[in-house]
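Enquirer: Chains as they are written, first to last, in this note's numbering: chain A, 1 to 113; chain B, 114 to 226. For every residue, glycine included, the Cβ atom is placed at its ideal position computed from N, Cα and C.
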Amino acid sequence: GDSVTQMEGPVTLSEEAFLTINCTYTATGYPSLFWYVQYPGEGLQLLLKATKADDKGSNKGFEATYRKETTSFHLEKGSVQVSDSAVYFCALSDANTGNQFYFGTGTSLTVIP
Amino acid sequence: KAGVTQTPRYLIKTRGQQVTLSCSPISGHRSVSWYQQTPGQGLQFLFEYFSETQRNKGNFPGRFSGRQFSNSRSEMNVSTLELGDSALYLCASSLDRVTDTQYFGPGTRLTVL
């Protein structure tokens, strides 16, 4: 079945450091891929998405490219800020074969000044 | 456009009681999904409602149930509460299909004593 695997956390970075959070997926069809972010005490917010291979999603300085050949959707940001401290979830959905969203386990990011 | 709203935000119950949580989706969204989030299990899909009918269901016992009204608002009910039901319950709405982009509410934090 469909699934998402995220890198284990927690991740601690200094402000202005480069961020990569790895995400790989397994899917039988051609899924859409998502990154969500959850700030403390809140629900999940959509950060970015990509709906087909080679698409790049971007928002608030974050980017992720849909790589079908490596079944990956890694999240990157060139210079993190303290305000980026949150939990990040990779997710997929497949409109043709799926009946739900599949979420990764989440990666906690702490950015220190 | 107003986002997904959930009420109440916090709830404390004792074992054996029942609880009802409410979710109002984004205007125009007809699909409503419910998730349970715990530190140990992460995000787990409970069920999805569309046009007042349960369309998809996760792997939860029958104590967890829900319904959807004609205005797309949804309620989730948990009967005979157990300590393990303590969690953040998240509601998400999407336009038509559960695999469309999901938009989350802030969640209801349920504590069972």
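Do you know how far the Cα of A/Ala-27 is from the Cα of A/Thr-51?
Expert: Answer to the nearest angstrom: the Cα atoms are 13 Å apart.
Enquirer: Measure how close the beta-carbons of B/Gln-150 and B/Leu-156 come, nearest whole angstrom, since I'm counting them as under 8 Å.
Expert: Indeed, because the Cβ distance is near 5 Å, the residues count as touching under 8 Å.
Enquirer: If you follow the beta strand (DSSP E) that B/Asn-190 is part of, which residue opens it and which one closes it?
Expert: Per DSSP, B/Asn-190 belongs to the beta strand (DSSP E) from 187-191.
Enquirer: So what does A/Leu-75 bridge to, in DSSP terms?
Expert: Answer is A/Ile-21, A/Ala-64.
Enquirer: In chain B, what lies closer than 9 Å to A/Gln-81 by C-beta?
Expert: Simply none; closest approach about 23 Å.
Enquirer: What do you get for B/Phe-163, buried or exposed, if any count of 16 or more other CB atoms within 10 angstroms of its CB means buried?
Expert: With 16 or more Cβ atoms within 10 Å of its Cβ, B/Phe-163 is classed as buried.
Enquirer: In its own chain, which residues sit with a C-beta less than 8 Å from the C-beta of B/Gly-179, not counting the 5 before and 5 after it?
Expert: Within the same chain, B/Gly-179 has close Cβ partners Trp-147, Leu-159, Phe-160, Tyr-162, Gln-167, Ser-187, Glu-188, Met-189, Asn-190.
Enquirer: Quick check on the burial criterion: 16 or more other C-beta atoms within 10 angstroms. Buried or exposed for B/Tyr-216?
Expert: By the 10 Å Cβ count, B/Tyr-216 comes out buried.
Enquirer: Three-state secondary structure (DSSP) at A/Val-46?
Expert: Per the sequence presented here, residue 46 of chain A reads as Leu, with Val not at that position. Here A/Leu-46 sits in strand by DSSP.
Enquirer: Identify the residues that DSSP records as bridge partners of B/Val-225: which are they?
Expert: Paired residue(s): B/Lys-126.
Enquirer: Spatial neighbours of A/Val-111 within its chain, please: C-beta separation below 7 Å, excluding the five flanking residues on both sides.
Expert: Same-chain partners within the cutoff: Leu-13, Glu-15, Val-80, Gln-81, Val-82, Asp-84, Ser-85.
Enquirer: Within the same chain, show all residues whose beta-carbon is closer than 7 Å to that of B/Ser-199, passing over the 5 residues directly before and after it, in chain order.
Expert: These residues qualify, in order along the chain: Leu-223, Thr-224, Val-225.
Enquirer: Report the option in A/Lys-49, A/Gly-1, A/Pro-10 whose CA atom is closest to the CA atom of A/Arg-67.
Expert: Nearest C-alpha to A/Arg-67: A/Lys-49.
Enquirer: Let me confirm a value: B/Ser-207 is counted as buried when at least 16 other C-beta atoms fall within 10 Å, else exposed. Which label applies?
Expert: By the neighbour-count rule (16 or more Cβ atoms within 10 Å), B/Ser-207 is buried.
Enquirer: Along the segment 137-148 of chain B, what residues have a CB closer than 7 Å to any CB found in chain A?
Expert: The residues in question: there are none.
Enquirer: Where does B/Gly-116 fall in DSSP's three states?
Expert: Note: B/Gly-116 maps to coil in three-state DSSP.
Enquirer: Please compile the residues from chain A whose C-beta is within a distance smaller than 7 Å of the C-beta of B/Asn-172.
Expert: Under the 7 Å cutoff, chain A gives no residues; its nearest Cβ is about 11 Å from B/Asn-172.
Enquirer: Hey, A/Tyr-88 and A/Asp-2 are a contact pair by Cβ (cut 8 Å); roughly how many whole angstroms apart?
Expert: Their Cβ separation, rounded to whole angstroms, is 19 Å, which puts A/Tyr-88 and A/Asp-2 out of contact at 8 Å.
Enquirer: Alpha carbons only, please: which of A/Gln-6, A/Pro-31, A/Gly-9, A/Ile-21 is nearest the one belonging to B/Val-211?
Expert: The residue with the shortest Cα to Cα distance from B/Val-211 is A/Pro-31.
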